[in-house]
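In this note's numbering, the protein residues as written are 1308 to 1750.
Some notes on the structure that comes next.
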């Protein structure tokens, strides 16, 4: 019986006190769980020690041109013939560590055949947006469960928190027959094996089986049940990297910290221009500045040319105005999310703290809309915390609860004049799943 692993990369995590992002964290809570995806296997057994064959699968990611109701970033498997009928995998296991927000990525417009463990290990960094280290990645063996990336727990307290997070996150989506595959990225193979098996047993108590357990360090991979081993080959990495480059995808960061650091640039040039730009903006009407801002963003969408310092400063000052910011925000959709991410990434890197809340929040939103959870969290980290910023809180809630990006299109379609009214349903949906966390008023 074949089970398809449906690649879901629209992102994110379960509800009820699971966030470890500063905007959502509550005392005693564990890490977040993120959404994404992988390949397809032929299911032969349901327990550790049984086997499964890797099936060659190709994936076409959903696009804005797909029929209504298409899942954003979902890679739809197109079944093929087995490319390696003797390669075995297996069943029950898991593990993690509460530290950094989990997240995921999508590979838009790509067809990626995954034939063996080597290629799976190679593609996971492209899914996440960064190379996982001391992490466990949970791969859903079907379409109902989310994919989680968590740090390996190193203390009993961490392990208990991690289990609560995984239990709360996966049990909400579990259905009869739900199963996961696990890839442990760690230097200590024995530790990964022990923790993985313990968590697999716990998953079994909530009706989730584990069909695959792999371990990978910097150079090797191993099946922790059958003992099969292999080297991570340059051929697999180059093949995956070439396909992502051809699709216009940025290459993954070396680590999550590196991804976060990529949002910090030279902020002095824009800072020097702000007094002059503010004075000019005061002399203009809000309507003039709003029209200019919309036109400038649309121009970037057409030519992709980086804004000079003067235009960057003017746009940053313009989006301090909530109505102007909301006009640009409401312009976002799944079709132009990549362009918005490129623009707001650059402006977040260049924005001094006093004008960084809006671009960082817009970047976080665009990243969530495009399925890039890691970048969404890193962008939220760039929002100054001196005072609450409602849009950042809304994005954090949407990401944390695993809200599907199609909900944004539904919210925008509501007949309302005000942006806050248009997204009120979106905010309520996210905050209801998240428990006591509520986005602030005045979005």
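Glycine is no exception: its CB is placed at the ideal position from the N, C-alpha and C atoms.
Test item: CB-CB of residue i and residue j under 8 Å
{"i": "residue 1499", "j": "residue 1528", "result": "no"}
{"i": "residue 1681", "j": "residue 1501", "result": "no"}
{"i": "residue 1600", "j": "residue 1629", "result": "no"}
{"i": "residue 1574", "j": "residue 1504", "result": "no"}
{"i": "residue 1478", "j": "residue 1513", "result": "yes"}
{"i": "residue 1625", "j": "residue 1596", "result": "yes"}
{"i": "residue 1651", "j": "residue 1712", "result": "no"}
{"i": "residue 1580", "j": "residue 1633", "result": "no"}
{"i": "residue 1487", "j": "residue 1431", "result": "no"}
{"i": "residue 1660", "j": "residue 1691", "result": "yes"}
{"i": "residue 1249", "j": "residue 1560", "result": "Residue 1249 lies beyond the range of the chain shown here (1308 to 1750); nothing can be said about it."}
{"i": "residue 1515", "j": "residue 1485", "result": "yes"}
Residue i in three-state terms, based on DSSP
{"i": "residue 1614", "result": "coil"}
{"i": "residue 1560", "result": "strand"}
{"i": "residue 1666", "result": "helix"}
{"i": "residue 1598", "result": "helix"}
{"i": "residue 1429", "result": "helix"}
{"i": "residue 1569", "result": "coil"}
{"i": "residue 1350", "result": "At residue 1350 the pLDDT is 30, less than 50, meaning the model places this residue with poor confidence; the figure from the coordinates comes in the next sentence. Correct three-state label for residue 1350: strand."}
{"i": "residue 1442", "result": "strand"}
{"i": "residue 1463", "result": "helix"}
{"i": "residue 1341", "result": "Since pLDDT at residue 1341 reaches only 32, below the 50 mark, its modelled position is unreliable, and no value is offered."}
{"i": "residue 1364", "result": "Caution applies to residue 1364, whose pLDDT of 33 falls short of 50 and renders its modelled position unreliable; the value that the coordinates give is listed next. Residue state, collapsed to three classes: strand."}
{"i": "residue 1402", "result": "Only weak support is given to the placement of residue 1402: the predicted model assigns it a pLDDT of 24, under 50, and the value that follows is read from those uncertain coordinates. Correct three-state label for residue 1402: coil."}
{"i": "residue 1447", "result": "strand"}
{"i": "residue 1455", "result": "strand"}
{"i": "residue 1332", "result": "In this prediction, residue 1332 has a pLDDT of 36, which is less than 50 and means its spatial position is unreliable; what the coordinates show is noted afterwards. Coil."}
Interface flag, residue i vs chain B, CB-CB below 8 Å
{"i": "residue 1623", "result": "This model lacks chain B altogether, as it is built from one protein chain only."}
Residue i versus residue j: straight-line alpha-carbon distance, rounded
{"i": "residue 1670", "j": "residue 1582", "result": "24 Å"}
{"i": "residue 1551", "j": "residue 1544", "result": "11 Å"}
{"i": "residue 1556", "j": "residue 1694", "result": "34 Å"}
{"i": "residue 1706", "j": "residue 1443", "result": "20 Å"}
{"i": "residue 1648", "j": "residue 1472", "result": "29 Å"}
{"i": "residue 1564", "j": "residue 1683", "result": "14 Å"}
{"i": "residue 1354", "j": "residue 1535", "result": "Its pLDDT being 39, under 50, residue 1354 is placed unreliably in this model, and the value from its coordinates should be taken loosely. So the alpha carbons of these two residues sit roughly 17 Å apart."}
{"i": "residue 1609", "j": "residue 1542", "result": "36 Å"}
{"i": "residue 1533", "j": "residue 1439", "result": "24 Å"}
{"i": "residue 1644", "j": "residue 1686", "result": "15 Å"}
{"i": "residue 1538", "j": "residue 1423", "result": "12 Å"}
{"i": "residue 1553", "j": "residue 1546", "result": "11 Å"}
{"i": "residue 1455", "j": "residue 1463", "result": "20 Å"}
{"i": "residue 1677", "j": "residue 1642", "result": "9 Å"}
{"i": "residue 1762", "j": "residue 1428", "result": "The structure shown does not extend to residue 1762, since the chain is modelled only from 1308 through 1750, so no value can be given for it."}
{"i": "residue 1507", "j": "residue 1517", "result": "6 Å"}
{"i": "residue 1589", "j": "residue 1710", "result": "39 Å"}
{"i": "residue 1593", "j": "residue 1567", "result": "33 Å"}
{"i": "residue 1447", "j": "residue 1475", "result": "16 Å"}
{"i": "residue 1584", "j": "residue 1653", "result": "19 Å"}
{"i": "residue 1662", "j": "residue 1461", "result": "39 Å"}
{"i": "residue 1520", "j": "residue 1612", "result": "45 Å"}
{"i": "residue 1531", "j": "residue 1689", "result": "39 Å"}
{"i": "residue 1470", "j": "residue 1483", "result": "20 Å"}
{"i": "residue 1420", "j": "residue 1433", "result": "14 Å"}
{"i": "residue 1571", "j": "residue 1495", "result": "32 Å"}
{"i": "residue 1702", "j": "residue 1437", "result": "21 Å"}
{"i": "residue 1302", "j": "residue 1511", "result": "The chain is shown from 1308 up to 1750; residue 1302 falls before or after that span and cannot be answered."}
{"i": "residue 1602", "j": "residue 1627", "result": "17 Å"}
{"i": "residue 1598", "j": "residue 1618", "result": "14 Å"}
For residue j and residue i, believed in contact at Cβ under 8 Å, the rounded distance
{"i": "residue 1493", "j": "residue 1441", "result": "6 Å"}
{"i": "residue 1635", "j": "residue 1604", "result": "6 Å"}
{"i": "residue 1558", "j": "residue 1548", "result": "6 Å"}
{"i": "residue 1668", "j": "residue 1699", "result": "4 Å"}
{"i": "residue 1480", "j": "residue 1457", "result": "Going by Cβ atoms, the distance from residue 1480 to residue 1457 rounds to 16 Å, so no, they are not a contact pair."}
{"i": "residue 1540", "j": "residue 1425", "result": "6 Å"}
{"i": "residue 1716", "j": "residue 1640", "result": "7 Å"}
{"i": "residue 1646", "j": "residue 1672", "result": "Actually they are not in contact, since the Cβ atoms of residue 1646 and residue 1672 sit about 13 Å apart, beyond 8 Å."}
{"i": "residue 1719", "j": "residue 1614", "result": "Going by Cβ atoms, the distance from residue 1719 to residue 1614 rounds to 26 Å, so no, they are not a contact pair."}
Distance cut-off 7 Å: residue i Cβ against heavy atoms of the ligand ATP
{"i": "residue 1511", "result": "Because no ligand of any kind appears in the structure shown, any question about the ligand ATP cannot be addressed here."}
Which runs of the alpha helix (DSSP H) fall wholly inside the segment 1477-1560 and span at least 4 residues, in chain order?
Qualifying alpha helix (DSSP H) stretches, in chain order: 1496-1512 and 1541-1553.
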